[in-house]
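Structure first, then comments.
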Amino acid sequence: MDPSENYVRSLTGRIVAGQVVGDSKSKIPMSAQLSMHLEDLYRTPRRGDLLRIRREVLTPFGWYGPPLFTGPVDRSTLEDRTLNVDLLDKSSLLREPTRSTHIYRKGLTRIGVIRDVAYDRGERRFDLPEWNQARLGAPVQVRPGYQPWSYMVVQARALRGQVFYNGAGALRVRQHPTGTSLWFNDDSVLSVPSVVEDDADIINSVHVKGKPPAGKKWRIEAKAYIPAWHRLSPQKLARSGVRQHRWETIEDETIRTVRDAQAAADRRVRELMAQTGGVTFTALPHPGIELGDVQQVNAAGVVTPYRLSSFTIPLTADEPMTVGYIKPLRRSKKR
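With the sequence shown counted from 1, adding 817 to any position gets you our numbering.
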């Protein structure tokens, strides 16, 4: 596709190596690498072009192959007839600092702000929800030098959600999932799962602060805690009988009642409980997953839920999918 996402042509040939990479800790959370032996050398991808990658898998209901990745070409080389391409997700197109001031009026929905920021930078593919009508309580000014993507992330966090590009290249906003979307078992797991315990960033208590009532100095606020039975609760971490609270404070001017503040605190606690700990393993490829999904593995005697923070999905049939870690791509020299 060209930079405006108009279809140009399909690439035909044999994929030698390739994978889609998701890493929530990376500056660019989604990327892809592809090595392909081309049958037709007419018009190979150039820097700035966009590629859409699909991988179809056979399910009990037939072949299933949603788009795995859509993004611009970051690097492209052609060696003999083998094309090597590195791709970034479309958030990379929204990281150039702004050069002018833009003011978003009071009362505009935060979802609308996210859409407008992306639209002003040329984005035309959206998959935005209508579930949240939270609005700006005051005009917001975006000054020169600010990254559009960073501002969109701030607005999504104010909605207690995440903004990202899906495999089809559409801009999405969703609340952080709390329900399990995918289960891995002995039939799909290819290695013994390894549980990773990292208590360095423990949060077990949440304090939500809303907008102060008109004419008042005190603020709407609420607190919530991980339940006492949980291994990371203040009670379980107690020292000499003294509860150990690890706080996270959320300030959101769209919250105007104690009820809404308590609901936000309770929802954040559910999110924290879903993402405690981590796990690494390899499995049969499963397209359609997203960073931030809540999943569960029940294999080789290991049963644990986790929030997906990193993965690789191979584009060849001889490699497994990795969950919880990134496997470097080996570019084969085979023709």
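Virtual Cβ for every residue (Gly too), placed ideally from N, Cα, C.
**Item:** Identity of the residue in Glu1038, Trp1046 and Met1090 nearest Arg1073 by Cα
**Value:** Here residue 1073 corresponds to residue number 256 of the sequence shown, with the count starting at 1. Arg1073 has its Cα closest to that of Glu1038, out of Glu1038, Trp1046 and Met1090.
**Residue range of the alpha helix (DSSP H) that includes Ile931** = On the sequence shown, residue 931 is found 114 positions in, with the first residue counted as 1. Segment Arg927 to Asp937, the alpha helix (DSSP H) holding Ile931.
**Item:** For Thr997 and Arg1063, the rounded distance between their alpha carbons
**Value:** Taking the first residue of the sequence shown as position 1, residue 1063 is located at position 246. Taking the first residue of the sequence shown as position 1, residue 997 is located at position 180. Taking the straight line from one Cα to the other gives about 25 Å.
**Message:** Using C-beta distances below 7 Å, list every residue in its chain close to Ser1127, excluding the 5 sequence neighbours before and after it, in chain order.
**Reply:** Taking the first residue of the sequence shown as 1, we reach residue 1127 at position 310. Result list for Ser1127: Gly839, Asp840, Ser841, Gly1141, Tyr1142 and Ile1143, in chain order.
**Prompt:** Can Tyr1123 and Gly1095 be called in contact, C-beta distance under 9 Å?
**Reply:** By 1-based counting over the sequence shown, the position of residue 1123 is 306. By 1-based counting over the sequence shown, the position of residue 1095 is 278. For Tyr1123 and Gly1095, yes; Cβs fall inside 9 Å.
**Message:** Rounded to the nearest angstrom, what separates Glu947 and Thr899 at their Cα positions?
**Reply:** Locating residue 947 in the sequence shown gives position 130, counting from the first residue. Locating residue 899 in the sequence shown gives position 82, counting from the first residue. Spanning the two alpha carbons is a distance of roughly 45 Å.
**Asked** Taking C-beta to C-beta, are Gly978 and Arg991 nearer than 9 Å?
**Response** On the sequence shown, position 161 is the one that residue 978 refers to. On the sequence shown, position 174 is the one that residue 991 refers to. Contact flag set, yes.
**Prompt:** Relative to the C-alpha of Asp906, which residue among Met847, Gly1118 and Phe878 is closest?
**Reply:** Here residue 906 refers to the residue found at position 89 when the sequence shown is read from its first residue. When only C-alpha atoms are compared, the closest one is Met847.
**Message:** If you measure between the beta carbons of Gln964 and Thr915, is that distance less than 9 Å?
**Reply:** Position 147 of the sequence shown, counted from the first residue, corresponds to residue 964. Position 98 of the sequence shown, counted from the first residue, corresponds to residue 915. Cβ distance < 9 Å, so Gln964 and Thr915 count as in contact.
**Request:** Enumerate in chain order the residues of its own chain whose CB-to-CB distance from Pro886 is below 6 Å, with the five nearest sequence positions on each side excluded.
**Result:** Position 69 of the sequence shown, counted from the first residue, corresponds to residue 886. The sequence shown places Phe at residue 886, rather than the Pro named in the question. Result list for Phe886: Val837, Ala849, Ile870 and Gly984, in chain order.
**Prompt:** Pick from Glu1070, Ser1022 and Phe981: whose alpha carbon is nearest that of Ala1031?
**Reply:** For the purposes of this step, residue 1031 is identified with residue 214 of the sequence shown, where counting begins at 1. Of the listed residues, the one whose Cα sits closest to Ala1031 is Glu1070.
**Item:** Short Cβ contact (9 Å threshold) for Val970 with Val957
**Value:** Locating residue 970 in the sequence shown gives position 153, counting from the first residue. Locating residue 957 in the sequence shown gives position 140, counting from the first residue. Not a contact, by the Cβ cut-off of 9 Å.
**Message:** Can you check which of these residues, Glu1068, Leu1125, Ala834 and Thr1133, is closest to Pro994 by C-alpha distance?
**Reply:** As a first step, residue 994 must be located in the sequence shown, where it is residue number 177. Nearest C-alpha to Pro994: Leu1125.
**Burial state of Thr1139 (16 or more Cβ within 10 Å)** = Walking along the sequence shown from the start, residue 1139 turns up at place 322. Buried: at least 16 other Cβ atoms inside 10 Å.
**Residues bridged to Phe1001 (per DSSP)** = Taking the sequence shown and counting its residues from 1, the one referred to as residue 1001 is at position 184. In the DSSP output, where bridge partners are listed per residue, Phe1001 has Val1114.
**Prompt:** With DSSP run on the structure shown, which of helix, strand or coil describes Met1138?
**Reply:** In the sequence shown, residue 1138 corresponds to position 321, counting from 1. Note: Met1138 maps to strand in three-state DSSP.
**Message:** According to DSSP, simplified to helix, strand and coil, what is Pro994?
**Reply:** Position 177 of the sequence shown, counted from the start, is the residue given in the question as residue 994. Reduced to three states, the DSSP call for Pro994 is coil.
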